[in-house]
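Enquirer: Residue numbers (the numbering used here): 110 to 221.
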Amino acid sequence: MGLVHRLDKGTSGLLIVARTPEALDNLKFQMQERHVHRQYFAIVAGHVESNKGVVDAPLGRDPRNPLKRAVINSGKYARTHYEIDQKYESPFKVSMLNCRLKPEGHIRSEST
Numbered sequence: 110m111g112l113v114h115r116l117d118k119g120t121s122g123l124l125i126v127a128r129t130p131e132a133l134d135n136l137k138f139q140m141q142e143r144h145v146h147r148q149y150f151a152i153v154a155g156h157v158e159s160n161k162g163v164v165d166a167p168l169g170r171d172p173r174n175p176l177k178r179a180v181i182n183s184g185k186y187a188r189t190h191y192e193i194d195q196k197y198e199s200p201f202k203v204s205m206l207n208c209r210l211k212p213e214g215h216i217r218s219e220s221t
């Protein structure tokens, strides 16, 4: 038994834990080969203009608040593919997005 990976380290992300040595080796291999893909759902204030798209911009620690991420020139490359699942009007305009991140990305700070 062993810890394979801490998804989204630094947040309340999921843990991948193996119950057997064989599972541990197999899961570690899958993580190293990037066979594991993360998928997230996000709720954002307002309505996103396009029903689906891609956001490309370098992300790094927000200089004003190191606990947050922001678009900064020295940040790491990240790409977020998004698709609107639902738009809500009441009591506030919000959009629910389905996000797929590549390569290791984070949900985009600028997803508005």
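Where a beta carbon is used, it is the ideal one built from N, C-alpha and C, also for glycine.
Are the beta-carbon atoms of E192 and N174 separated by less than 7 angstroms?
Expert: Taking the first residue of the sequence shown as 1, we reach residue 192 at position 83. Taking the first residue of the sequence shown as 1, we reach residue 174 at position 65. Going by C-beta atoms, E192 is not nearer than 7 angstroms to N174.
Enquirer: Report the partner residues of Y197 according to the DSSP bridge assignment.
Expert: As a working note, residue 197 is residue 88 in the sequence shown. According to DSSP, Y197 bridges with V203.
Enquirer: For the candidate residues F138, V113, N135 and K137, whose alpha-carbon lies nearest to that of V126?
Expert: Position 17 of the sequence shown, counting from 1, holds the residue named residue 126. Of F138, V113, N135 and K137, the residue nearest in Cα terms is V113.
Enquirer: In the DSSP assignment, what residue or residues form a beta bridge with Y191?
Expert: Looking up residue 191 in the sequence shown gives position 82. Bridge partners of Y191: G162 and C208.
Enquirer: In this structure, does DSSP put N51 in helix, strand or coil?
Expert: Nothing about residue 51 can be read from this structure; the chain reaches only from 110 to 221.
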